[in-house]
Amino acid sequence: MARRTNVDAEQFWLAKSEPDVYSISDLRRDGSTLWDGVRNYQARNFLRSMQVGDQILFHHSNGDPSGVVGTATVVGLAQPDSTQFDPRSEGFDGASKREDPRWCAVKVRFKSRFVVPVTLQMMRADRALSGMRILQRGNRLSVTPVTAAEFARVVELGGS
DNA sequence: GCCAACGTTGGC
DNA sequence: GCCAACGTTGGC
């Protein structure tokens, strides 16, 4: 992994959530929440590399339509995701050990809700966003990095 | 509800 | 370590 030359430099991300499970409205109501339930190693590694102050595009997947609906800020570094140890949780992982947890969660805080959802269609139509991973064929990662320019452009399109 | 794409599992 | 089978994701 590349070492960060400037520890104060913000990083930018896109995180997916199904609105039926946890929506931007839920986050606005709660103020902050633990972003847990990630069960993909690549996405987990992105969670681990998040720093306090990093900015997140909040994306509704399986939405109507799907798209980025707001932003959030990282306020807590990766910590063990407690749902992996809960047999009643969908995210339970019997192979994960408490002394060496497999899955982690970060704490995020509501920042903004867009005036207009930035749909996948809108993002596809924008040349500046053509490199976004979420627009690439077959991408299913629930957490992906975005560039500062992509972040700014999506926020601009969202009008918040 | 369909199905393409991808990750994981497990037999060998 | 290969790879077929299976499960999941998520746009449409």
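For the first sequence, this note's numbering assigns the number 160 to the last residue and increments by one with no breaks.
Where is the CB? At the ideal position from N, CA and C, for every residue including glycine.
None of these values were measured; they are calculated from a predicted model.
C-beta atoms of residue i and residue j nearer than 8 Å
i, j, result
"residue 36", "residue 64", "no"
"residue 113", "residue 160", "yes"
"residue 46", "residue 144", "yes"
"residue 150", "residue 129", "yes"
"residue 76", "residue 107", "yes"
"residue 67", "residue 33", "no"
"residue 54", "residue 85", "no"
"residue 18", "residue 61", "yes"
"residue 133", "residue 141", "yes"
"residue 78", "residue 123", "no"
Residue environment, residue i, which counts as buried when at least 16 other CB atoms sit within 10 Å
i, result
"residue 92", "exposed"
"residue 116", "exposed"
"residue 16", "buried"
"residue 21", "exposed"
"residue 125", "exposed"
Separation of residue j from residue i, as counted between CA atoms
i, j, result
"residue 14", "residue 56", "5 Å"
"residue 121", "residue 48", "30 Å"
"residue 156", "residue 95", "43 Å"
"residue 52", "residue 31", "16 Å"
"residue 98", "residue 88", "16 Å"
"residue 26", "residue 127", "31 Å"
"residue 69", "residue 23", "9 Å"
"residue 72", "residue 138", "25 Å"
"residue 164", "residue 74", "Given a span of 1 to 160 for the chain in the structure shown, any question on residue 164 remains unanswerable."
"residue 148", "residue 131", "12 Å"
"residue 158", "residue 83", "33 Å"
"residue 28", "residue 146", "22 Å"
Exercise. Can we say the region 24-44 touches the region 96-106, given the rule of at least three CB pairs closer than 8 Å?
Worked result: The region 24-44 is in contact with the region 96-106.
Exercise. Can you list, in chain order, the stretches of the beta strand (DSSP E) that have 3 or more residues and sit fully within the region 35-92?
Worked result: The qualifying runs are 55-60 and 67-80.
For this session: Return the chain-ordered ranges of every alpha helix (DSSP H) run that is complete within the region 89-133 and spans a minimum of 4 residues.
Result: Every unbroken stretch of the alpha helix (DSSP H) spanning 4 or more residues and falling wholly within the region 89-133 is given here in chain order: 120-124.
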